[in-house]
Structures are given as structure tokens and as C-alpha cells.
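Numbers in my numbering are just positions in the sequence shown, counted from 1, shifted up by 60. C-beta atoms are modelled at their ideal positions from N, C-alpha and C, and glycine is treated no differently. Comments concern the structure below.
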Amino acid sequence: MSQKLNNFYKKYFSELAFSLAKLNKFTTGANPSVGCVVTNLTNDIISVGITSINGRPHAEHNALSRLTSNTKKRIFVTMEPCSHFGKTPPCSRIIKKKKVKEVYYSYIDTNPIVNGNGINQLKEKKILVSRINSSDKNFYKEYDYSVKSKFPYVTSKLALTKNFSTILNGKKYFTNNQSLKFAHLLRYMNDSILVGKNTFLKDIPKLDCRLSGLEKFSPNIFVINPDLSIRAKHYNLYKKKITIFHASNDLSKIKKYKNYFNLIKLKKLENLIDVSSILKIIYTHGCRRLLIEGGLKTLECFKNKKYINKYHFIFSNLTSINSKLSAKQLISSLAVNRLSRYKQSINLLNDKLFSF
Ligand code: AOF
Ligand code: ZN
61 MSQKLNNFYK
71 KYFSELAFSL
81 AKLNKFTTGA
91 NPSVGCVVTN
101 LTNDIISVGI
111 TSINGRPHAE
121 HNALSRLTSN
131 TKKRIFVTME
141 PCSHFGKTPP
151 CSRIIKKKKV
161 KEVYYSYIDT
171 NPIVNGNGIN
181 QLKEKKILVS
191 RINSSDKNFY
201 KEYDYSVKSK
211 FPYVTSKLAL
221 TKNFSTILNG
231 KKYFTNNQSL
241 KFAHLLRYMN
251 DSILVGKNTF
261 LKDIPKLDCR
271 LSGLEKFSPN
281 IFVINPDLSI
291 RAKHYNLYKK
301 KITIFHASND
311 LSKIKKYKNY
321 FNLIKLKKLE
331 NLIDVSSILK
341 IIYTHGCRRL
351 LIEGGLKTLE
361 CFKNKKYINK
371 YHFIFSNLTS
381 INSKLSAKQL
391 ISSLAVNRLS
401 RYKQSINLLN
411 DKLFSF
């Protein structure tokens, strides 16, 4: 039975668009994941679309291209449709062509090329445009941050023993299976991963996502390794060429290792490699969400700069013989400096995840 478009329908279609966008949230590359629900003017859903994996085609295109242009339509989108010719033509075009008469959106696209132009273009085409507030205020938080800062959104994850040591009897893993799964979920949720020299040498880490079915979404790998300390075991460990940031002048090492790795030489600032240059380079590689995994030293490099957006500390219930007071101090100082942020403590079986 046909019904007027009331607030119930608006909320229902808009939330559905967000549920769709969530499905591809971590797999659209530098593009934000958008959800699109298409209805006729009597509130039947006639199509849906999501931004494709790797970002293209866009959600509106995926939802509308299969439809005829005979019936009048409404669309509900999580974000303002684009207005520019990028790698794809503007979505405002197909919206007009397919006889969409009303567009309901929740977020403005903060990308300066769009930023309200999508809405204006639709209005110029005599399409009604209206905003529906989303109950999820943070859906595009990471996207908006990286558009504005031109840095990736940075999440840090560090595993520790109960008494704040990052090592336990030389064991590679000392947190439980559920914590390891969480760590792999973070690798899926981020398009890039960074470790320091110590982790690289001691753990010989593979740094891929090993959750079944999600392996293909493993992050791009970056390593900070100032003096190019590399072992033969690293040569064929990675499926794709990984990038190593260094500050070495040793030409023979550079000549040897460049066959296996992308080497990027950076200047040292106060004896440390400049983290802001590292983040800028990772951004220019197309990465928008970076996971810094492991390494107190790496964390130390970043701690005074406000480059880390989110921290996860996983505490195992095991105790190491050498407790690390410096790690305890570092974590408390980071947490204290973020008083206003939401802090969370979750049990992962007998491990504890502390996030802020
Ligand atoms: C939309 N729908 O599903 C997404 C949009 O290079 P292009 O042509 O793919 O354009 C990329 C920009 O399009 C991206 O930076 C963002 O502003 C917007 N993303 N827009 O209409 C979508 N993902
Ligand atoms: Zn578009």
C-alpha cells in the first residue's frame, strides 16, 4: 500500500544505507564507503548499492545503473553524491539521468572538490535535496581526519604482559587466541601497517591479515629501519614489496636491498627519523588508515607529536621477569593526556584490552 514518505520511512531507509556502507567500510581504499538505497515514490525499495571494493564504481552508480529511467525515484545516501570528474564521472549525472527526484543524504563530503558542490549541482538540476541526521556521528571520522590533515588516521596497538613488559621469555606471542584475532581484525581494518626495526628483526613478522576470507585485505607494509638491518629471512617473506624507511649512507646495502624492498631515505631529526615525513609518504601511497603495531621504541617516536588517533593496549595475564616501568609511565602519560576521550576496558578471555 502506498504511503507518504514520513519520518519513519526516512529513518528506516537512511539507517539501511548506513548498514550497507558498513559492509565495505574498510575495503574502499582512499574513497569513503557510501551506502545508497533507491526507492520509488511509494516507498518500495527498488535497488541498493555500496561503494565498490577499492573505491570504484561509486555507490550511486552501483545502485542506479541497473535500473530503467522510466520510474521516478528517491535515493537515500550516507554521503552527499559527488559532483566532479575524478576517476569516474560525477554521480549527480546518473542521478539526474535515472529520474531521481529526491536525494536524502546524511554527511557532507569534506573532500574540497566536492564539499557541498554535489548538493548544489543536484539543486541546479531541480532535484529536491534534504539532510537526514545520522545516529552514527563518527561514521566518517577517519575519512574526514585524513582529508583534512593529509595524514593517515593512525591507530596504535601494543601487546604487554601484566607487568608492562613487551617481551616474555623470547616468546613471539604471549597474548591469548582471542587477542590475536583482534590484532588480525585491526590489520584488516587498516590499509597500512608500520613497525620499527626491533620488531622487524626479533619477530620476523609477516604482518598480514590471517582471518579466514580476509587475507586479500592485508595492509601495505612499512618499516622504520634507520641503518638498514635486514636478514636474509626477510627477503621472500612478503607477497608484495614492502617499504623501508632508512637513514643509511651505506651504498652497498642500498644496492643490495633495493632488489627486495622499496627503500626510502629520510633525514634524521634529533637522532630520530621524522615521523611526520613518514606519515605524509604513507598518505601519498594512497593509505588512509595506518596501524602502528608493536614496538615501544616506535611508539616513543610518535608519542609527543599528536599523530596517533587511537590507542589499543592488550595486556596478557602472564607476568614477565623484567617489568617495564618506562612502559607503564608511557601508557599512563598517554592516557592522562586524553582525559576527554572515551576510555574502554574489555576482557578478551583472560587478557585485557585497554583502548582510548
Ligand atoms: C560518491 N559516491 O560511493 C563515493 C564518493 O576518483 P573518483 O571519481 O572515484 O572520486 C573519488 C571521490 O569521490 C572521493 O574522494 C570522495 O570525495 C567521493 N566519494 N562519492 O558520490 C561514493 N565513495
Ligand atoms: Zn560519486
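Query: Suppose only complete runs of 3+ residues qualify. What are the beta strand (DSSP E) ranges in the region 160-210, listed by chain order?; Result: 160-167, 188-191
Query: Specify, as a first and last residue, the run of the alpha helix (DSSP H) that Ile341 falls within.; Result: 335-344
Query: So if DSSP puts Asn280 in a beta bridge, which residue, or which two residues, is it bridged to?; Result: Ser252
Query: Roughly how far, in whole angstroms, is the beta-carbon of Leu359 from the beta-carbon of Leu323, given that I think they are within contact range, below 8 Å?; Result: With a Cβ gap of about 24 Å, Leu359 and Leu323 do not count as contacting.
Query: Relative to the C-alpha of Lys217, which residue among Phe68, Ser386, Gly354 is closest?; Result: Gly354
Query: Which residue's Cα is closest to the Cα of Tyr298: Asp310, Leu288, Val283?; Result: Val283
Query: By DSSP, does Ser383 sit in helix, in strand, or in coil?; Result: coil
Query: Quick check: Lys156 and Arg116, are their CB atoms within less than 7 Å of each other?; Result: no
Query: Let me check understanding here. Comparing Cα to Cα, which of Asp104, Lys328, Gly95 lies closest to Glu140?; Result: Gly95
Query: Exposed or buried, what is Tyr200 when buried is set at 16 or more other beta-carbons lying within 10 Å of its beta-carbon?; Result: buried
Query: Check the DSSP bridge columns for Tyr419 and list the partner residues they point to.; Result: Outside the shown range of the chain, which is 61 to 416, sits residue 419, and nothing can be said about it.
Query: State the Cα-Cα distance for the pair Asn122 and Thr87, rounded to the nearest angstrom.; Result: 16 Å
Query: Tell whether a beta-carbon distance below 7 Å holds between Arg349 and Pro212.; Result: yes
Query: Just to confirm, does Pro212 get its C-beta within under 6 Å of one of the non-hydrogen atoms of the ligand AOF?; Result: no
Query: Exposed or buried, Gly230, counting other C-beta atoms within 10 Å across all chains shown (16 or more means buried)?; Result: exposed
Query: Can His118 be considered in contact with the ligand ZN, in the sense that its beta carbon sits closer than 6 Å to one or more heavy atoms?; Result: yes
Query: Measuring straight from C-alpha to C-alpha, what distance separates Thr102 and Tyr69?; Result: 11 Å
Query: What are the start and end residues of the beta strand (DSSP E) that includes Glu353?; Result: 349-353
Query: What residue from Leu409, Tyr205, Gly346, Pro286 has the CA that sits closest to Lys366's CA?; Result: Tyr205
Query: For Tyr371, which residues of its own chain have a beta-carbon under 7 Å away from its beta-carbon, when the five flanking residues on both sides are left out?; Result: Ser216, Leu394, Ser415, Phe416
Query: CB Phe288 to CB Lys313, shorter than 7 Å?; Result: Note on residue identity: the sequence assigns Leu, not Phe, to residue 288. Result yes, Cβ atoms of Leu288 and Lys313 sit closer than 7 Å.
Query: Which residues in the same chain have their Cβ closer than 7 Å to the Cβ of Ser380, if we skip the five residues on either side of it in sequence?; Result: Thr221, Asn223, Ser225, Ile227, Leu228
Query: By Cβ distance, which residues of its chain are closer than 6 Å to Asn114, with the 5 residues on each side in sequence left out?; Result: Gly89
Query: What's the gap between the Cα of Leu385 and the Cα of Leu356?; Result: 12 Å
Query: Using the Cα positions of Asn410 and Asn377, report the straight-line distance between them to the nearest angstrom.; Result: 6 Å
Query: Name the residue from Pro286, Gly273, Leu246 whose alpha carbon lies nearest to the alpha carbon of Leu267.; Result: Leu246
Query: How many Å lie between Ser405 and Leu413 at the Cα?; Result: 6 Å
Query: Under the rule that 16 or more other beta-carbon atoms within 10 Å means buried, what is Ser190, buried or exposed?; Result: exposed
Query: Do Gly176 and Cys142 have their CB atoms nearer than 7 Å?; Result: no
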